[in-house]
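Chemist:
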Amino acid sequence: MNPKKQKAKDRRRARKLADQAWQAANDNNFDLAEKIILRAVAAQEDNPVLWNDLGVLLGLRQKDDEAADSFRAALSLAPTYAEPYMHLAAQRFRQGAAHEAVALQTLAARYAPEKTEYLERLQAYQAVAGRQPAHAVLAHAVQARPNLEPAHDLDDTRSFDELATLDWHALGERLTRDGSVVIAEMIDASTCERIRGMFDDDARFAKTVSMDRPEFGHGVYRYFAAPLPGLVDRLRQAVYPHVARIANHWQELLGESGRFPTAWDDFREECERAGQATPTPILLKYGPGGFNALHRDLRGAVFFPIQMAVVLSAKMAAMEGATGHGAIDMVACGFQGGDFLFCDDPEGKSSRRQQLALGLGDAVLFCTRDRLVRVGSVFGLQPVRHGVTQITAGVRFVLGVPFHEYR
Ligand SMILES: [Fe+2]
13 MNPKKQKAKD RRRARKLADQ AWQAANDNNF DLAEKIILRA VAAQEDNPVL
63 WNDLGVLLGL RQKDDEAADS FRAALSLAPT YAEPYMHLAA QRFRQGAAHE
113 AVALQTLAAR YAPEKTEYLE RLQAYQAVAG RQPAHAVLAH AVQARPNLEP
163 AHDLDDTRSF DELATLDWHA LGERLTRDGS VVIAEMIDAS TCERIRGMFD
213 DDARFAKTVS MDRPEFGHGV YRYFAAPLPG LVDRLRQAVY PHVARIANHW
263 QELLGESGRF PTAWDDFREE CERAGQATPT PILLKYGPGG FNALHRDLRG
313 AVFFPIQMAV VLSAKMAAME GATGHGAIDM VACGFQGGDF LFCDDPEGKS
363 SRRQQLALGL GDAVLFCTRD RLVRVGSVFG LQPVRHGVTQ ITAGVRFVLG
413 VPFHEYR
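Below, the structure written as structure tokens:
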């Protein structure tokens, strides 16, 4: 066989083997996947895509050093191939080397400017690395996406104006009917990452509770100090007018005369007049075995009946059905278990219990103390409790946002 034909044959064989390897990986047979992809690489050693695939599969098997070697091999064959840079960056970030991750991800964004997710990831790494973005690189990468803000501006400029376009009428109806409602992917991944990245910044927090009691929960709860980070503050302000209208509708249905101000500043002043000026938003981190026992939040003379939780980590279940290329990063920041629980108190035969599997960026609005129930033509209140089931693997970060402040 002449060399040209041999090469074409090798390429076809390598491609077929690579397909088989990913099939094995999708079947969770990573041992077999690794063996097959090694054969694919041997069949066509000068193919950088195969080296990249090998790196991803080795990474899924926690063989980080070998994975890194494979990504570098891919880059030695194709120095402008963006994906290996992205994977190397993700690996270094997981290993705590945020600055190195920034440098690598900068190259990924440079060589694939059309991939917005690369830029978002770069911004997230920069936020964690706590350094100014590389303006030249960003300027190049942003060209294709002029509406994206560099990371250093995210905390100051990220508005949540888009939340006004949600169907708040329908959300209110669900919340009235069920006592809770999920807003899937309310927050984008990079904003989740940015807020999650605040967790280790001690200066941002007034109080930290390492909870480890079977009757309460197991996890680390960090209460933000005043002033709140801009992102958290603006998120709360963006949601408040909508939930205030829902809460006022409940007041009407209950025949109560009091109303909540629909302007955030007015409600905050009401809290202050009652001596409640301590911020309530909280960043929670649950590791394996972590959970939050069912409870009601009862603090505050001025009290808002709805609160919000936003999950900032990805569900590992999201890996199922994903291709190997995406799966590696789910492992980096995901969790298993850790569903949101919401149930009537006390629980009985006819009581309701909801278990919600929330993932990255998903928000849940729920009744803090009581949900509305209709008995005939009259509305009353049913006490409710909320909590989080046990995290079985990984780490789950969540932002808790009550709307009233504490004393
Ligand atoms: Fe709570």
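Going by our numbering, the first residue of the sequence shown is number 13, and it counts up by one from there. For glycine and all other residues, C-beta sits at the position ideal for the given N, C-alpha and C. Nothing here was measured: the structure is a model prediction, and the numbers come from that model.
Please find out if some non-hydrogen atom of ligand 1 comes closer than 7 Å to the beta-carbon of His307.
Modeler: By one-based count along the sequence shown, residue 307 stands at place 295. At least one heavy atom of ligand 1 is nearer than 7 Å to the Cβ of His307, so yes.
Chemist: Pick helix, strand or coil for Thr404, following the three-state DSSP scheme.
Modeler: Position 392 of the sequence shown holds residue 404. Residue state, collapsed to three classes: strand.
Chemist: Keeping to the same chain, check which residues put their C-beta closer than 6 Å to that of Asn9; ignore five residues upstream and five downstream.
Modeler: A query on residue 9 cannot be resolved here, the shown segment of the chain reaching from 13 to 419 and no further.
Chemist: Can you find the residues in the same chain that come closer than 8 Å, C-beta to C-beta, to Ala80, ignoring five residues on each side of it along the sequence?
Modeler: Working through the sequence shown from its first residue, we reach residue 80 at position 68. Excluding positions up to five away in sequence, the list reads Gly67, Leu100, Gln103.
Chemist: Is it true that the segment 272-289 meets the segment 190-202, where meeting means three or more beta-carbon pairs spaced less than 8 Å apart?
Modeler: Contact between the segment 272-289 and the segment 190-202 is absent, because fewer than three Cβ pairs lie under 8 Å.
Chemist: For Pro291 versus Cys379, is the C-beta distance shorter than 8 Å?
Modeler: The residue given as residue 291 occupies position 279 in the sequence shown. The residue given as residue 379 occupies position 367 in the sequence shown. Not closer than 8 Å, so no.
Chemist: Would you decide whether Asp3 is buried or exposed? Buried here means 16 or more other CB atoms lie within 10 Å of its CB.
Modeler: Nothing in the structure corresponds to residue 3, since the chain is present only between 13 and 419.
Chemist: Exposed or buried, Ala311, counting other C-beta atoms within 10 Å across all chains shown (16 or more means buried)?
Modeler: The sequence position of residue 311 within the sequence shown is 299, counting from 1. Reading off the sequence shown, one finds Arg at residue 311, where the question assumed Ala. Burial call: exposed.
Chemist: Look at the alpha carbon of Ala30 and the alpha carbon of Asn41, and state the distance between them as a whole number of angstroms.
Modeler: Sequence index remark: in the sequence shown, residue 30 carries index 18 (1-based). Sequence index remark: in the sequence shown, residue 41 carries index 29 (1-based). C-alpha separation (whole angstroms): 14 Å.
Chemist: With the cut-off set at 8 Å, would you say Asn304 and Gly406 are in Cβ contact?
Modeler: Taking the sequence shown and counting its residues from 1, one reaches residue 304 at position 292. Taking the sequence shown and counting its residues from 1, one reaches residue 406 at position 394. No; because the gap between Cβ atoms is not below 8 Å, this pair is not in contact.
Chemist: If you run the structure through DSSP and keep just helix, strand and coil, what is Arg25?
Modeler: One-based indexing of the sequence shown puts residue 25 at position 13. Here Arg25 sits in helix by DSSP.
Chemist: In this structure, does DSSP put Arg73 in helix, strand or coil?
Modeler: To locate residue 73, count along the sequence shown from 1; it is residue 61. Coil.
Chemist: Only counting the same chain, and skipping five residues up and downstream in sequence, which positions put a Cβ closer than 6 Å to that of Arg383?
Modeler: Counting from one through the sequence shown, the residue named residue 383 turns up at place 371. Closer than 6 Å at Cβ, skipping near neighbours: Gly191, Gln394, Val396.
Chemist: I need the boundaries of the beta strand (DSSP E) containing His230, first residue and last residue.
Modeler: Residue 230 sits at position 218 when you count from the first residue of the sequence shown. From DSSP, the beta strand (DSSP E) with His230 extends over 229-236.
Chemist: Ordered along the chain, which non-local residues of its own chain (more than five positions away) have a Cβ less than 8 Å from that of Arg51?
Modeler: As a position in the sequence shown, residue 51 is number 39, starting the count at 1. Leu29, listed in sequence order.
Chemist: I'd like the list of long-range same chain contacts for Glu417, defined as Cβ closer than 7 Å, with 5 residues on each side in sequence excluded.
Modeler: Position 405 of the sequence shown, counting from 1, holds the residue named residue 417. Around Glu417: Cys283, Gln288, Ala289, Thr290, Pro291, Thr292.
Chemist: Using 8 Å as the threshold, is the C-beta distance between Leu368 and Phe347 below it?
Modeler: Working through the sequence shown from its first residue, we reach residue 368 at position 356. Working through the sequence shown from its first residue, we reach residue 347 at position 335. No; because the gap between Cβ atoms is not below 8 Å, this pair is not in contact.
Chemist: Taking the C-alpha atoms as reference points, what is the distance between Leu370 and Arg122?
Modeler: Residue numbering aside, residue 370 sits at position 358 when the sequence shown is read from its first letter. Residue numbering aside, residue 122 sits at position 110 when the sequence shown is read from its first letter. Roughly 33 Å separates the two Cα atoms.
Chemist: Name the one or two DSSP bridge partners that Phe352 has.
Modeler: Here residue 352 corresponds to residue number 340 of the sequence shown, with the count starting at 1. Note: Phe352 sits in a beta bridge opposite Leu368, Val400.
Chemist: Check the C-beta distance from Tyr93 over to Ala113 and give it rounded, since I have them as a contact under 8 Å.
Modeler: Here residue 93 refers to the residue found at position 81 when the sequence shown is read from its first residue. Here residue 113 refers to the residue found at position 101 when the sequence shown is read from its first residue. Their Cβ separation, rounded to whole angstroms, is 18 Å, which puts Tyr93 and Ala113 out of contact at 8 Å.
Chemist: Could you check what DSSP says for Asn41 in three-state terms: helix, strand or coil?
Modeler: The residue given as residue 41 occupies position 29 in the sequence shown. DSSP places Asn41 in coil when its eight states are reduced to three.
Chemist: Suppose contacts are defined by Cβ-Cβ distances below 8 Å. Is Phe415 in contact with Tyr233 by that definition?
Modeler: For the purposes of this step, residue 415 is taken as the residue at position 403 of the sequence shown. For the purposes of this step, residue 233 is taken as the residue at position 221 of the sequence shown. The answer is no: Cβ separation not under 8 Å.
Chemist: Taking the straight line between their C-alpha atoms, what separation do you get for Thr128 and Ala120?
Modeler: The residue you call residue 128 lines up with position 116 of the sequence shown. The residue you call residue 120 lines up with position 108 of the sequence shown. Roughly 11 Å between the two C-alpha positions.
Chemist: Do you know how far the Cα of Asp212 is from the Cα of Ala321?
Modeler: Mapped onto the sequence shown, residue 321 falls at position 309. Mapped onto the sequence shown, residue 212 falls at position 200. The straight-line gap from Cα to Cα measures roughly 20 Å.
Chemist: Since Arg381 and Arg308 are thought to touch, with beta carbons under 8 Å apart, how far apart are those beta carbons, to the nearest angstrom?
Modeler: Taking the first residue of the sequence shown as 1, we reach residue 381 at position 369. Taking the first residue of the sequence shown as 1, we reach residue 308 at position 296. Confirmed, about 5 Å.
Chemist: Looking only at its own chain, which residues have a Cβ that is under 7 Å from the Cβ of Gln263, when we skip the five neighbours before and after it?
Modeler: Walking along the sequence shown from the start, residue 263 turns up at place 251. Cβ within range, chain order: Gly270, Arg271.
Chemist: Can you round the beta-carbon distance between Ala139 and His111 to whole angstroms, since I take them to be within the 8 Å contact cut?
Modeler: Looking up residue 139 in the sequence shown gives position 127. Looking up residue 111 in the sequence shown gives position 99. 12 Å between Cβ atoms; not a contact.
Chemist: Should Arg170 and Val413 be called a contact, given that it needs their Cβ atoms to be closer than 8 Å?
Modeler: By one-based count along the sequence shown, residue 170 stands at place 158. By one-based count along the sequence shown, residue 413 stands at place 401. Taking 8 Å as the Cβ cut-off, Arg170 and Val413 do not qualify as a contacting pair.
Chemist: So which of Ala218, Gly242, Val255 has the shortest CA-CA distance to Phe182?
Modeler: The count along the sequence shown starts at 1 and reaches residue 182 at position 170. Here residue 182 turns out to be Ala, not Phe, going by the sequence shown. Nearest C-alpha to Ala182: Val255.
Chemist: Out of Thr401, Arg408, Leu377, which has the shortest C-alpha to C-alpha gap to Gly184?
Modeler: Working through the sequence shown from its first residue, we reach residue 184 at position 172. When only C-alpha atoms are compared, the closest one is Leu377.
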